[in-house]
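Numbering (the working numbering), first residue to last: 8 to 427.
Glycine is no exception: its CB is placed at the ideal position from the N, C-alpha and C atoms.
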Ligand SMILES: [Zn+2]
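Next up, the structure:
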């Protein structure tokens, strides 16, 4: 693979606190070799095997990481019923389409948080082998849940300490990149309780201990406060949703939050548009149910903002696949999260690029590190930082249309911060 020079009006590298204007990326052999201002290129253009000028009004950025997906889920209002009635083959076909859709929106990595092993692992392999173009897959396979617990229909049921240890071992044996554990019930699964803990603190600790021994991370689904507490004490890597949910709504526990921050756990709050795409606030005046939807969403925005203010690292993931939530607009979810929480657009983009990469561990991405630059872009050495986990797209084989879409999103978001 020869060298490729990409020029863009602005470049966000996924890590720094500002965008680089009139910038370029030099890709060599599939690796980002240098990033810098175009003024450094004087006299050196024409020397590259390929040159792409994205023109004005484009901000180039790394591919997005969606930290929470369910690739085989229908994204309709009836996810649970669909999963019961669809054949395995239909779920596979849907998964292919879902991942392709994600790629078209600029997502180059998905961390899948609960899909049947017989779908998630072959899909990961098919993408790795280039059988079809889709985001890189990091897969938990089947999540660990209690009998009849959240996502039992695509999970491993385990009910005591010995059981959860066996479940962790069997999932790693089957090929899981990380372990997904359900610390509370959830909305997708009838007859579970989101507010109550599914596992005791000791059981959650058994999960993380076993995962640690096998060198894999743990992502814990937790809505209700007891489940959040147990996940914190078990020192999981990421807490999914982390709603501090009580019967009265979204709560906040400053002492618990301090423990999350001190232990360096990540929170993936899974903000997504969902039903909000089809509702507007005017309807809330007539419908108590719609009013409740917006009220709860606002509470979540406030929670996420407070978490960040209290020093917790956030990673973005949209829970694509669950009710009213397809794979077609993760960028829109990031925009919603930015506007709703009033956090900086750049921080939000980091939660879907560099911070997300950090949270997944970078051992699977060792080949994407930035090389030291050489002439004719010598000065870029200082600015060519290491990019753990970030895809050197489009050299990584990602469709350019997807890349452009991401670039447009970034432009919109960054414009709000820097150019208004
Ligand atoms: Zn989920």
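#1: In chain order, what residues of the same chain have a beta carbon less than 8 Å from the beta carbon of residue 306, not counting five sequence neighbours either side?
#2: Please list, in chain order, all residues of the same chain as residue 25 whose beta carbon is under 7 Å from its beta carbon, the five residues on each side excluded.
#3: What did DSSP end up calling residue 198 once you bin it into helix, strand or coil?
#4: Is it true that the CB of residue 243 sits closer than 9 Å to the CB of residue 211?
#5: Looking at residue 244 and ligand 1, is the gap between the Cβ and the nearest heavy atom below 8 Å?
#6: Step through the CB atoms of chain B and report whether any lies within less than 9 Å of the CB of residue 64.
#7: Would you mind giving the Cβ-Cβ distance between residue 264 and residue 214, rounded to the nearest angstrom? I have them listed as a contact below 8 Å.
#8: May I have the straight-line CA-CA distance separating residue 158 from residue 237, to the nearest angstrom?
#9: The beta strand (DSSP E) spanning residue 250 covers which residue range?
#10: Between the segment 332-347 and the segment 55-64, do at least 3 Cβ pairs fall closer than 8 Å?
#11: Give me the residue from 312, 9, 139 with the minimum Cα distance to residue 249.
#12: With a CB to CB cut of under 6 Å and the five nearest residues on each side skipped, what residues in its chain are close to residue 270?
#13: Under a Cβ-count criterion, where at least 16 other Cβ atoms within 10 Å of its own Cβ denotes burial, should residue 136 be classed as buried or exposed?
#14: If you draw a straight line from the C-alpha of residue 102 to the C-alpha of residue 51, how long is it?
#15: Here's the rule I'm using: 16 or more other beta-carbon atoms within 10 Å means buried, otherwise exposed. How should residue 88 be labelled?
#16: Which class does residue 379 belong to by DSSP, given the choice of helix, strand or coil?
#17: For the segment 308-383, which segments carrying the alpha helix (DSSP H) assignment without a break, of at least 4 residues, lie completely within its bounds, in sequence order?
#18: What I want to know is whether the C-beta of residue 329 ends up closer than 8 Å to one or more non-hydrogen atoms of ligand 1.
#19: Using a Cβ-Cβ cutoff of less than 6 Å, which residues in the same chain neighbour residue 141 once the five nearest sequence positions on both sides are dropped?
#20: In or out: residue 233 buried (at least 16 other Cβ within 10 Å) or exposed?
#21: Buried or exposed: residue 328, going by 16 or more other Cβ atoms within 10 Å of its Cβ?
#22: Less than 9 Å between the beta carbons of residue 66 and residue 17, yes or no?
#23: Going by beta carbon distance, what residues of the same chain come within less than 6 Å of residue 240, once the five residues before and after it are set aside?
#24: Where does residue 73 land, buried or exposed, given buried means 16+ other C-beta within 10 angstroms?
#25: Given a cut-off of 9 Å on the beta-carbon distance, is the pair residue 14 and residue 31 in contact?
#26: Go ahead and pull the three-state DSSP assignment for residue 212.
#27: Jot down the residue ranges of each uninterrupted alpha helix (DSSP H) in the segment 251-279, minimum 4 residues, whole runs only, in chain order.
#28: Using a Cβ-Cβ cut-off of 7 Å (strictly less than) and excluding sequence neighbours within five positions of residue 166, which residues of its own chain qualify?
#29: Can you give me the C-alpha to C-alpha distance between residue 128 and residue 148, rounded to a whole angstrom?
#30: Return helix, strand or coil for residue 44, following the three-state DSSP convention.
#31: Round the Cβ separation of residue 187 and residue 138 to the nearest angstrom and send it over; I've been treating them as touching at under 8 Å.
#32: At which residue ranges does the segment 68-155 contain complete alpha helix (DSSP H) runs of 4 or more residues, listed in the order of the chain?
#33: Can you tell me the Cα-Cα spacing of residue 77 and residue 292, whole angstroms?
#34: Alpha carbon to alpha carbon, what distance is there between residue 180 and residue 276?
#35: Looking only at DSSP bridge pairs, what is residue 35 linked to?
#36: Can you tell me whether residue 252 is buried or exposed? The criterion is at least 16 other CB atoms within 10 Å of its CB, across all chains shown.
This is what the structure holds:
#1: Reading the chain shown from its first residue, position 299 is the one you call residue 306. Closer than 8 Å at the Cβ level, and outside the excluded window around residue 306, lie 256, 257.
#2: Residue mapping note: residue 25 aligns to position 18 of the chain shown, counting from 1. Result list for residue 25: empty, nothing under 7 Å.
#3: Here residue 198 corresponds to residue number 191 of the chain shown, with the count starting at 1. Correct three-state label for residue 198: coil.
#4: Position 204 of the chain shown, counting from 1, holds the residue named residue 211. Position 236 of the chain shown, counting from 1, holds the residue named residue 243. Yes, the pair counts as a contact, with Cβ atoms nearer than the cut-off.
#5: Translated into the one-based positions of the chain shown, residue 244 becomes position 237. The answer is no for residue 244.
#6: Structure shown: chain B not included; a single protein chain is present.
#7: For the purposes of this step, residue 264 is identified with residue 257 of the chain shown, where counting begins at 1. For the purposes of this step, residue 214 is identified with residue 207 of the chain shown, where counting begins at 1. Rounded, the Cβ-Cβ distance is 22 Å, inconsistent with contact.
#8: Counted from its first residue, the chain shown places residue 158 at position 151. Counted from its first residue, the chain shown places residue 237 at position 230. For residue 158 and residue 237, the distance between alpha carbons rounds to 19 Å.
#9: For the purposes of this step, residue 250 is taken as residue 243 along the chain shown, with counting starting at 1. Where residue 250 is concerned, the enclosing beta strand (DSSP E) stretches over 245-253.
#10: no
#11: For the purposes of this step, residue 249 is taken as the residue at position 242 of the chain shown. It is 312.
#12: Here the question's residue 270 lines up with position 263 in the chain shown. 242, listed in sequence order.
#13: Here the question's residue 136 lines up with position 129 in the chain shown. Under this definition residue 136 is an exposed residue.
#14: As a working mapping, residue 102 is identified with position 95 in the chain shown. As a working mapping, residue 51 is identified with position 44 in the chain shown. Whole-angstrom Cα-Cα distance: 44 Å.
#15: The count along the chain shown starts at 1 and reaches residue 88 at position 81. Classification for residue 88: exposed.
#16: Numbered from its first residue, the chain shown carries residue 379 at position 372. In this prediction, residue 379 scores a pLDDT of 31, lower than 50, which makes its location untrustworthy; no coordinate-derived value is stated.
#17: 337-348, 352-358, 361-367
#18: For this step, residue 329 is matched to residue 322 along the chain shown. Yes.
#19: Numbered from 1 along the chain shown, position 134 holds the residue referred to as residue 141. Contacts found: 106, 107, 110, 134.
#20: Position 226 of the chain shown, counting from 1, holds the residue named residue 233. The residue in question, residue 233, is buried, as its Cβ has 16 or more Cβ neighbours within 10 Å.
#21: Against the chain shown, residue 328 aligns to sequence position 321. That one is buried.
#22: One-based indexing of the chain shown puts residue 66 at position 59. One-based indexing of the chain shown puts residue 17 at position 10. Yes, they are a contact pair.
#23: By one-based count along the chain shown, residue 240 stands at place 233. Around residue 240: 208.
#24: To locate residue 73, count along the chain shown from 1; it is residue 66. So residue 73 counts as buried.
#25: Along the chain shown, read from residue 1 onward, the residue named residue 14 stands at position 7. Along the chain shown, read from residue 1 onward, the residue named residue 31 stands at position 24. Yes; because the gap between Cβ atoms is below 9 Å, this pair is in contact.
#26: In the chain shown, residue 212 corresponds to position 205, counting from 1. In the structure shown, residue 212 sits in a helix (DSSP, three-state: H, G or I).
#27: 261-270
#28: For this step, residue 166 is matched to residue 159 along the chain shown. Around residue 166: 153, 154.
#29: By 1-based counting over the chain shown, the position of residue 128 is 121. By 1-based counting over the chain shown, the position of residue 148 is 141. Distance between the alpha carbons of residue 128 and residue 148 is about 7 Å.
#30: Position 37 of the chain shown, counted from the first residue, corresponds to residue 44. Three-state result, residue 44: strand.
#31: Counting from 1 along the chain shown, the entry for residue 187 is found at position 180. Counting from 1 along the chain shown, the entry for residue 138 is found at position 131. Contact flag wrong, Cβ pair sits at about 25 Å.
#32: 86-92, 95-111, 124-135
#33: On the chain shown, residue 77 is found 70 positions in, with the first residue counted as 1. On the chain shown, residue 292 is found 285 positions in, with the first residue counted as 1. Approximately 34 Å, taken between the alpha carbons.
#34: Here residue 276 refers to the residue found at position 269 when the chain shown is read from its first residue. Here residue 180 refers to the residue found at position 173 when the chain shown is read from its first residue. Distance between the alpha carbons of residue 276 and residue 180: 29 Å.
#35: Reading the chain shown from its first residue, position 28 is the one you call residue 35. Answer by DSSP bridge pairing, in chain order: 10, 38.
#36: In the chain shown, the residue the question calls residue 252 occupies position 245. Classification of residue 252: buried, given that the 10 Å Cβ count is 16 or more.
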